Amino acid sequence: MSTDVRPLILDKLKQSTRIHHDRASNSLDILRVHLSIEEYRGILQKLWGFYHPLEALIANRIEWPLSTLNFEHRKKIPLLEHDLHVLGAPSFLPICTELPELADFAQVLGCMYVLEGATLGGQIISRHIRKRLGLDQTTGCSYFCSYGAETSNMWNTFCHILATYASSSAIENQILQAAHSTFVKFNAWFEEDTA
Ligand code: HEM
């Protein structure tokens with residue numbers, strides 16, 4: 015008998031953020047057939063401006079059990095910086111200052127649900143970037159390739175930790191609220207003209 019039952023909290027997260035997810039995909043607007051290398055670099059710059067302060071905010075709170083999440087390995091800033099370096103981005107880039115509130119570990123999990131979930135779409139996007147711009151993991155597309163063949167394992171492990179931590183409705187609500195707020199801030203940042 016299969017024990018592979020998707021925890022309810024993950025269904026709730028997916029359903030309650032679907033509208034924000036679709037908006038995020040639209041704001042990224044990366045699956046265009048005629049995407050230029052400059053436009054692609056601009057998207058990476060925007061992503062860097064969001065991930066950089068957010069990952070720093072998470073990493074600075076040593077009292078949170080980040081090692082259970084293997085947070086060091088999940089950081090996307092090294093990948094974004096590698097890609098931006100390869101693609102010759104300017105050294106000074108705008109940084110997002112309107113970040114989601116991360117007051118406790120439940121909120122970190124809600125926020126990371128959004129950041130980790132993006133690696134799923136990344137699998138589609140990396141194929142598109144390879145086809146359209148000829149870039150791979152070493153030549154400017156390491157962020158979207160992220161965990162590569164390990165993506166599914168990394169996602170399932172993260173979901174398991176999140177679902178285990180969501181042991182009460184109060185914690186569940188904190189996670190849901192933080193995921194919602196992370197998507198809202200992400201979309202606001204992407205829709206803001208910072209060029
Ligand atoms: C063109 C852009 C994008 C595409 C094509 C895309 C596509 C996808 C796909 C195919 C999945 C898997 C859905 C499933 O297994 O049912 C997914 C999941 C997800 N994506 Fe995206 N995505 C995009 C952008 C983003 C962005 C920018 C974010 C975050 C800022 C994001 C966050 C998520 C999350 C949180 C999930 C997990 C949903 C769940 O199963 O709970 N995606 N995406």
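Residue numbers (the working numbering): 15 to 209.
Just so it is clear, CB atoms sit at the ideal spot from N, CA and C, and this is done for glycine as well.
All values reported here derive from a predicted model rather than from experimental measurement.
Problem set entry | Cβ neighbour criterion (16 or more within 10 Å) applied to T133 | buried
Exercise. How would you label T152, buried or exposed, when you count the other beta carbons within 10 angstroms and need 16 or more for buried?
Worked result: exposed
Problem set entry | the stretch 159-170 contacting the stretch 55-66, beta-carbon criterion three pairs below 8 Å | no
Exercise. Measuring from the CB of G124, is there a heavy atom of the ligand HEM at a distance below 7 Å?
Worked result: no
For this session: Provide the residue span of the alpha helix (DSSP H) that contains N84, from first to last.
Result: Here N84 belongs to no alpha helix (DSSP H), and DSSP marks it neither H nor E.
Exercise. Under a three-way DSSP split, which group does E112 fall into?
Worked result: coil
For this session: With hydrogens ignored, establish whether the beta-carbon of Y127 is closer than 7 Å to any heavy atom of the ligand COA.
Result: For the ligand COA, the structure offers nothing, since it holds only the ligand HEM.
For this session: Run the proximity test for G63: is its beta-carbon closer than 7 Å to any non-hydrogen atom belonging to the ligand HEM?
Result: no
Exercise. DSSP state of H48, grouped into three classes?
Worked result: coil
Exercise. CB-CB under 8 Å to I109, same chain, minus the five flanking residues each way: which ones, in chain order?
Worked result: G63, H66 and P67
Problem set entry | Span separating the alpha-carbon of V19 from that of F172 | 15 Å
Exercise. Which same chain residues, not among the five before or five after T208, have their C-beta less than 8 Å away from its C-beta?
Worked result: K60, G63 and P108
For this session: Using 10 angstroms around the beta-carbon of Q188, count the other beta-carbons present and answer buried if the total reaches 16, otherwise exposed.
Result: buried
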